[in-house]
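Read through the structure below, which is laid out as structure tokens, and then see the notes.
In the UniProt record's numbering, the protein residues as written are 1 to 425.
Set out below in structure tokens:
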């Protein structure tokens with residue numbers, strides 16, 4: 001049955017709709033006509049597009065901005081889904097080529113700048129003995145390590161090292177975030193100790209060269225932040241970099257204010273600033289580590305991306321009768337895709353292989369897909385073999401009695417010449 005007929009999804013007829021909706025293995029989707037000749041719209045998705053005039057009209061209504069954004073996002077999603085796999089793959093490859101130089105500049109310049117700024121901020125912290133500047137210095141010292149990991153990951157993804165490190169080093173971010181959290185906990189303890197042991201209202205000495213050094217770091221980070229922000233969607237590594245530069249802007253700016261305040265206004269401003277900076281860094285990296293753990297744990301892809309993969313598989317070839325199961329989940333920052341397709345039981349093996357292999361290659365060429373596995377089946381009911389053996393196990397009845405009882409599980413049995421029972425599912 002075609003999906004546009006509104007019929008039930010494929011599956012055993014003895015199951016209720018509620019039981020089918022909770023079983024991923026039974027949520028198969030009928031296929032539609034393939035799109036070998038070019039872009040087609042067998043599900044009439046293009047009819048759901050909302051015109052730009054209507055969207056602009058919604059924006060001028062009271063509380064209509066959210067609705068306009070919804071329809072705009074829906075239009076973008078439908079447009080993406082309707083593109084053939086070849087075009088999607090070509091666009092993804094072209095985007096990578098167009099942004100390759102920009103990504104290299106962002107990674108290499110950030111790496112070099114962070115090495116210089118780490119030394120500059122280390123000088124500022126040691127010479128001023130400001131806890132707030134020490135807090136911002138810790139983040140600056142660890143930045144080159146983070147950039148080194150990103151650089152190695154970027155290099156590994158471009159050469160044969162990918163066979164040794166298939167995740168491209170992206171999972172080291174979890175370890176890095178844990179180290180950052182531990183170091184900042186030490187700084188918080190040091191700040192608390194300063195609150196307890198400090199006596200009198202004597203202000204700290206104002207050290208102008210330290211403020212100037214951190215100010216230079218602030219301006220440099222601002223320039224890097226603006227550059228990486230402009231190309232953040234082109235690479236997951238640049239995404240990490242612009243977030244790191246954003247965090248450094250906050251810590252450096254707040255560090256300058258609290259270090260100067262501790263020298264000019266009140267002594268407690270400096271340790272208070274160090275505590276706030278350390279807590280903020282721990283919170284930011286805890287969120288990053290949590291996100292990375294969800295990726296490592298295999299969290300599912302967003303519904304929009306699952307819809308894209310499902311539609312492309314449904315419309316890939318007219319030989320695909322149904323889509324039994326589709327799973328799209330993270331494996332590090334990229335996706336693993338599993339597709340179970342249903343073909344005619346009598347289709348030649350070479351044809352079944354060619355269809356599944358071509359579908360796999362096309363899906364793997366999509367942006368953000370790391371691997372795709374296509375499984376081929378000839379039915380969607382998946383009758384368990386254990387039911388058959390339960391009928392035969394520990395039986396002493398005659399052969400005809402066994403044959404009658406096995407009819408209930410939908411199998412056929414025959415008696416071979418050597419009196420062994422042969423079961424046909």
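All residues carry an ideal CB built from backbone N, CA and C; glycine is no exception. None of the values given here were measured: they were computed from a predicted structure.
Determine, using beta carbons only, whether residue 110 and residue 121 come nearer to each other than 8 Å.
Taking the first residue of the chain shown as 1, we reach residue 110 at position 110. Taking the first residue of the chain shown as 1, we reach residue 121 at position 121. For residue 110 and residue 121, no; Cβs fall outside 8 Å.
Which residue wins for smallest C-alpha separation from residue 332, given the options 82, 236 and 276?
Translated into positions along the chain shown, residue 332 becomes position 332. Minimum Cα distance to residue 332 is reached at 236.
Tell me which same chain residues have a C-beta within less than 6 Å of the C-beta of residue 15, skipping the five on either side of it?
Locating residue 15 in the chain shown gives position 15, counting from the first residue. Low local confidence applies: a pLDDT of 43 at residue 15 is under 50, so the model's placement there is unreliable, with the coordinate-based value given in what follows. Cβ within range, chain order: n/a, list empty.
At the level of alpha carbons, what is the spacing between residue 131 and residue 289?
As a position in the chain shown, residue 131 is number 131, starting the count at 1. As a position in the chain shown, residue 289 is number 289, starting the count at 1. Going by the C-alpha atoms only, they are around 26 Å apart.
When you compare the CB positions of residue 140 and residue 217, do they come within less than 8 Å of one another, or not?
For the purposes of this step, residue 140 is taken as residue 140 along the chain shown, with counting starting at 1. For the purposes of this step, residue 217 is taken as residue 217 along the chain shown, with counting starting at 1. Contact flag set, yes.
Return the CA-CA distance between residue 327 and residue 296, expressed in angstroms with no decimal places.
Looking up residue 327 in the chain shown gives position 327. Looking up residue 296 in the chain shown gives position 296. Approximately 16 Å, taken between the alpha carbons.
Looking at the unbroken beta strand (DSSP E) that takes in residue 344, where does it start and where does it end?
Within the chain shown, numbered from 1, the residue matching residue 344 stands at position 344. From DSSP, residue 344 is part of no beta strand (DSSP E); its letter is neither H nor E.
What is the DSSP secondary structure of residue 52, counted as helix, strand or coil?
Here residue 52 refers to the residue found at position 52 when the chain shown is read from its first residue. It is helical.
Could you compute how far the alpha carbon of residue 246 sits from the alpha carbon of residue 221?
Locating residue 246 in the chain shown gives position 246, counting from the first residue. Locating residue 221 in the chain shown gives position 221, counting from the first residue. Rounded to the nearest angstrom, the two C-alpha atoms are 8 Å apart.
Mind checking whether residue 50 and residue 73 have CB atoms under 8 Å apart?
Taking the chain shown and counting its residues from 1, one reaches residue 50 at position 50. Taking the chain shown and counting its residues from 1, one reaches residue 73 at position 73. Contact: no.
Any idea which residues DSSP pairs residue 372 with across the strands?
For the purposes of this step, residue 372 is taken as residue 372 along the chain shown, with counting starting at 1. Answer by DSSP bridge pairing, in chain order: 337.
Would you grab the beta carbon distance between residue 211 and residue 278 for me? Rounded to a whole angstrom, and I think it's under 8 Å.
In the chain shown, the residue the question calls residue 211 occupies position 211. In the chain shown, the residue the question calls residue 278 occupies position 278. So it is not a contact: roughly 20 Å between Cβ atoms.
Who are the Cβ neighbours of residue 426 in its own chain at under 6 Å, not counting the five residues just before and after it?
The shown model of the chain, from 1 to 425, leaves out residue 426, and the question about it has no answer.
Please go through the same chain and pick out, in chain order, the residues whose beta-carbon is closer than 7 Å to the beta-carbon of residue 88, but skip the five residues on each side of it.
Reading the chain shown from its first residue, position 88 is the one you call residue 88. 366.
Rounded to the nearest angstrom, how far is the Cβ of residue 369 from that of residue 335, given a contact under 8 Å?
The count along the chain shown starts at 1 and reaches residue 369 at position 369. The count along the chain shown starts at 1 and reaches residue 335 at position 335. So it is a contact: roughly 5 Å between Cβ atoms.
Return the first residue and the last residue of the alpha helix (DSSP H) that residue 331 is part of.
For the purposes of this step, residue 331 is identified with residue 331 of the chain shown, where counting begins at 1. Run containing residue 331: none in the alpha helix (DSSP H); it sits in the beta strand (DSSP E), 322–331.
Specify the secondary structure class of residue 220 as computed by DSSP and reduced to three states.
Residue mapping note: residue 220 aligns to position 220 of the chain shown, counting from 1. In the structure shown, residue 220 sits in a helix (DSSP, three-state: H, G or I).
Using alpha carbons as the reference points, say which of 249, 299 and 46 lies closest to residue 280.
In the chain shown, the residue the question calls residue 280 occupies position 280. Ranking 249, 299 and 46 by Cα distance to residue 280 puts 249 first.
Going by alpha carbons, who is nearest to residue 371 out of 349, 351 and 338?
What you label residue 371 is simply residue 371 of the chain shown in a count that begins at 1. Nearest option by C-alpha distance: 338.
Going by DSSP, what residues sit across from residue 300 in a beta bridge?
Taking the first residue of the chain shown as position 1, residue 300 is located at position 300. Paired residue(s): 329.
Leaving out five residues before and five after residue 253 in sequence, what residues of the same chain have Cβ atoms less than 7 Å from its Cβ?
Working through the chain shown from its first residue, we reach residue 253 at position 253. Result list for residue 253: 218, in chain order.
Between residue 106 and residue 241, how many whole angstroms is the CB-CB distance? I'm expecting something under 8 Å.
Sequence index remark: in the chain shown, residue 106 carries index 106 (1-based). Sequence index remark: in the chain shown, residue 241 carries index 241 (1-based). About 6 Å; that satisfies the 8 Å criterion.
What residues in its chain sit with their C-beta under 7 Å from that of residue 308, if we drop five residues either side in the sequence?
Residue 308 sits at position 308 when you count from the first residue of the chain shown. So the list reads 80 and 81, once near-sequence residues are dropped.
Does DSSP classify residue 25 as helix, strand or coil?
In the chain shown, residue 25 corresponds to position 25, counting from 1. Confidence in residue 25 is poor, its pLDDT being 41 and thus under 50, which makes the residue's placement too unreliable to answer from.
Do you know offhand how far residue 356's Cα is from residue 321's?
For the purposes of this step, residue 356 is taken as residue 356 along the chain shown, with counting starting at 1. For the purposes of this step, residue 321 is taken as residue 321 along the chain shown, with counting starting at 1. Approximately 13 Å, taken between the alpha carbons.
Suppose the cutoff is 8 Å on Cβ atoms and the five residues either side in sequence are ignored; what does the same chain contact list for residue 48 look like?
Start at 1 with the first residue of the chain shown, and residue 48 comes out as number 48. Cβ within range, chain order: 74 and 78.
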